[in-house]
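Peer 1: Numbering (this note's numbering), first residue to last: 1257 to 1796.
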């Protein structure tokens, strides 16, 4: 699109308040990418504050923050403006926080007032989303109406929200179809494409396809290199690592989300996954605190109704606090089939811990239990599921495999990590796995080809390699240094490293020239040379 700042500054020079604010709205509504809106938001300091404070100024800010994905700024704006203004965006906020009745009422009113195509598309999507949460029979028709009328960008956003609600109603085939169509509508917008792949991660996990989830996450990561887009992948990463039993990585990701995720609803969902990881790591008190933090983000910790309270109740139950679990459960909503099943499981666990009769499942719940796919639920509620005859399974084993038969490579749960085999951390990893998982600092300093000519420089280089290897493996405790000993975590199972076969010793850690690697090659090569004197026939 053309540079929107040029006409903006021309309008400012003409002291045209209405023209300036209308231009900001037009730029927001017709931007092809969220990134196109960010320079305009940065230039808002040039706009007189009295213009921004007007009703039209509030509408311009709302559109800019909405299209620029500036969730916190949008929340703050809505808090500061009179409740009768910015109704479409208030409906959007209620929808995000799953306040279905309030979202539905505002969306109905907004649709009647919608003055233009983008606003009407936005409000129709909200109306359909609120109807889906309340399971109104016509919610699919509302989505289809919005998709049929909207311009490509808003059609794609409608399809994305439609897929989200289809997934929550366990209609994953239709959800995948809508996501594929949305990719076509939103192909020019990296932000929206990232959201689509993020949703595909969730669907793949719901259908027990971790390989497909990894693939979708990698595609999203290829689009979202850093910054805002990268933060959008923290939630799917927690979902994936939780399902792969990589609990320390789940926890690390959830904790980093506090600094990087601006949308309260998405941060709350990410913290819920962190709370599950803490509970599964037997850190029940910390799990409760993180679940409480998630509920507070939706402003329902002490009062109000919300589906997230199911998760808080589960955290209380895991900690053995039945009264608080029952109080949280009394305020927990279940806006979808997925949430309904979770709510039923939470109530059943309350009954089990209270020592009462097992809660009888209806036909719908019985069908859900028979096909329960959420691996974290199976690990979280094993006694309850056994009571109802649900066949649980051992969660997938967390494994790490290292290949030294060529360049140093490493796979975690089948996914290859981006290790550069020429870097010092690759040599350190190779040394550690061949030494059984731990070596002394002195041994590492002697064995590795570290940069630096002085002992101090080499120690700094080793510290940098330790930090880089930790970052690669994915959590702070992956590699510890204690009492002068470097030790790999035993949280995952470390497979025996792959080594080159006889006669191929030079391929051991190919491309590395660490002293210990050169020694290994020489020793194995000599050990493989036959003693020809034993083969000579001395009878002649």
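Heads up, the beta-carbon is just placed ideally off N, CA and C, and yes, glycines get one too.
Quick caveat, the model's predicted, so the values are computed rather than measured.
With C-beta atoms as the reference, is residue 1654 less than 8 angstroms away from residue 1748?
Peer 2: In contact: residue 1654 and residue 1748 (Cβ atoms closer than 8 angstroms).
Peer 1: What are the start and end residues of the alpha helix (DSSP H) that includes residue 1381?
Peer 2: Where residue 1381 is concerned, the enclosing alpha helix (DSSP H) stretches over 1373-1389.
Peer 1: By how many angstroms is the C-alpha of residue 1335 removed from the C-alpha of residue 1377?
Peer 2: If you take the alpha carbons of residue 1377 and residue 1335, they lie about 24 angstroms apart.
Peer 1: If I measure Cβ to Cβ from residue 1666 and keep anything under 6 angstroms in the same chain, skipping five residues before and after, which residues do I get?
Peer 2: So the list reads 1658, 1673 and 1675, once near-sequence residues are dropped.
Peer 1: Whole-angstrom Cβ separation of residue 1471 and residue 1420, contact assumed at under 8 angstroms?
Peer 2: The pair is not a contact, with the Cβ atoms about 20 angstroms apart (cut-off 8 angstroms).
Peer 1: What's the gap between the Cα of residue 1595 and the Cα of residue 1310?
Peer 2: Going from the Cα of residue 1595 to the Cα of residue 1310 covers about 41 angstroms.
Peer 1: Identify, in the order they occur along the chain, each residue of the same chain with its Cβ nearer than 7 angstroms to the Cβ of residue 1469, setting aside the five sequence neighbours on each side.
Peer 2: Hits under 7 angstroms: 1457, 1460, 1461 and 1496.
Peer 1: Please name the residue or residues paired with residue 1764 in a DSSP beta bridge.
Peer 2: BP columns for residue 1764 point to 1661.
Peer 1: Give me whichever residues DSSP pairs with residue 1655 in a beta bridge.
Peer 2: Beta-bridge pairing links residue 1655 to 1749.
Peer 1: By Cβ distance, which residues of its chain are closer than 6 angstroms to residue 1686, with the 5 residues on each side in sequence left out?
Peer 2: Closer than 6 angstroms at Cβ, skipping near neighbours: 1660, 1664 and 1765.
Peer 1: If you drop the 5 nearest sequence neighbours on each side, which residues of the same chain put their C-beta closer than 6 angstroms to that of residue 1574?
Peer 2: Once the five neighbours on either side are set aside, the close Cβ partners of residue 1574 are 1535 and 1540.
Peer 1: If you follow the alpha helix (DSSP H) that residue 1735 is in, where does it begin and where does it stop?
Peer 2: Premise fails: residue 1735 lies in the beta strand (DSSP E), 1735-1738, not in any alpha helix (DSSP H).
Peer 1: Taking the alpha-carbon positions, what's the residue 1787 to residue 1745 distance?
Peer 2: Because the pLDDT of residue 1787 is 46, which lies under 50, any placement of that residue in the model is unreliable, and the number read from its coordinates should be weighed accordingly. Rounded to the nearest angstrom, the two C-alpha atoms are 42 angstroms apart.
Peer 1: Under a three-way DSSP split, which group does residue 1471 fall into?
Peer 2: Helix, per DSSP.
Peer 1: Assuming contact is defined by CB atoms lying nearer than 8 angstroms, are residue 1524 and residue 1563 in contact in what I supplied?
Peer 2: Cβ atoms of residue 1524 and residue 1563: not closer than 8 angstroms.
Peer 1: Output needed for residue 1297: all residues of its chain with C-beta closer than 6 angstroms, excluding positions within five of it in sequence on either side, in chain order.
Peer 2: Only 1320 and 1324 meet the Cβ criterion.
Peer 1: Could you please give the first and the last residue of the uninterrupted alpha helix (DSSP H) stretch that includes residue 1725?
Peer 2: 1711-1729 is the span of the alpha helix (DSSP H), which, as asked, contains residue 1725.
Peer 1: Going straight from the alpha carbon of residue 1662 to that of residue 1737, what length do you get?
Peer 2: Roughly 28 angstroms between the two C-alpha positions.
Peer 1: Less than 8 angstroms between the C-beta atoms of residue 1410 and residue 1446, yes or no?
Peer 2: Cβ distance not < 8 angstroms, so residue 1410 and residue 1446 don't count as in contact.
Peer 1: For the beta strand (DSSP E) containing residue 1743, name the first residue and the last one.
Peer 2: Looking at the DSSP string, the run of the beta strand (DSSP E) that includes residue 1743 is 1741-1744.
Peer 1: To which residues of the same chain is residue 1289 closer than 6 angstroms at the C-beta, ignoring the five residues directly before and after it?
Peer 2: Same-chain partners within the cutoff: 1445.
Peer 1: What is the rounded straight-line gap between the Cα of residue 1669 and the Cα of residue 1275?
Peer 2: C-alpha separation (whole angstroms): 56 angstroms.
Peer 1: Taking DSSP's pairing of strands, which residues face residue 1668 in a bridge?
Peer 2: Paired residue(s): 1656 and 1671.
Peer 1: I need the DSSP call for residue 1234, collapsed to helix, strand or coil.
Peer 2: The structure shown does not extend to residue 1234, since the chain is modelled only from 1257 through 1796, so no value can be given for it.
Peer 1: Is it true that the CB of residue 1628 sits closer than 8 angstroms to the CB of residue 1681?
Peer 2: Not closer than 8 angstroms, so no.
Peer 1: Just verifying my parser: in three-state terms, what is the DSSP assignment at residue 1465?
Peer 2: Of the three classes helix, strand and coil, the one that applies to residue 1465 here is coil, per DSSP.
Peer 1: Between which two residues does the alpha helix (DSSP H) containing residue 1631 stretch?
Peer 2: Where residue 1631 is concerned, the enclosing alpha helix (DSSP H) stretches over 1631-1636.
Peer 1: Can the beta-carbon of residue 1316 be found closer than 8 angstroms to that of residue 1264?
Peer 2: No, they are not a contact pair.
Peer 1: Rounding to the nearest angstrom, what Cα-Cα distance links residue 1312 and residue 1291 in this structure?
Peer 2: About 23 angstroms.
Peer 1: Could you give the first and the last residue of the continuous alpha helix (DSSP H) run that contains residue 1624?
Peer 2: First-last of the alpha helix (DSSP H) with residue 1624: 1619-1626.
Peer 1: What is the DSSP secondary structure of residue 1296, counted as helix, strand or coil?
Peer 2: It is helical.
Peer 1: Excluding sequence positions up to five away, which residues of its chain have a Cβ less than 7 angstroms from the Cβ of residue 1358?
Peer 2: Counting only Cβ-Cβ distances below 7 angstroms, and skipping sequence neighbours, we find 1350.
Peer 1: I'd like the span of the beta strand (DSSP E) that includes residue 1695, first residue to last.
Peer 2: Unbroken beta strand (DSSP E) run through residue 1695: 1694-1696.
Peer 1: To the nearest angstrom, report how far apart residue 1451 and residue 1396 are at their CA atoms.
Peer 2: One C-alpha to the other measures close to 21 angstroms.
Peer 1: Going by DSSP in three states, residue 1788 sits in which element: helix, strand or coil?
Peer 2: Model confidence at residue 1788 stands at a pLDDT of 38, short of 50, so the residue's coordinates are unreliable and nothing is read from them.
Peer 1: Can the beta-carbon of residue 1708 be found closer than 8 angstroms to that of residue 1750?
Peer 2: No.
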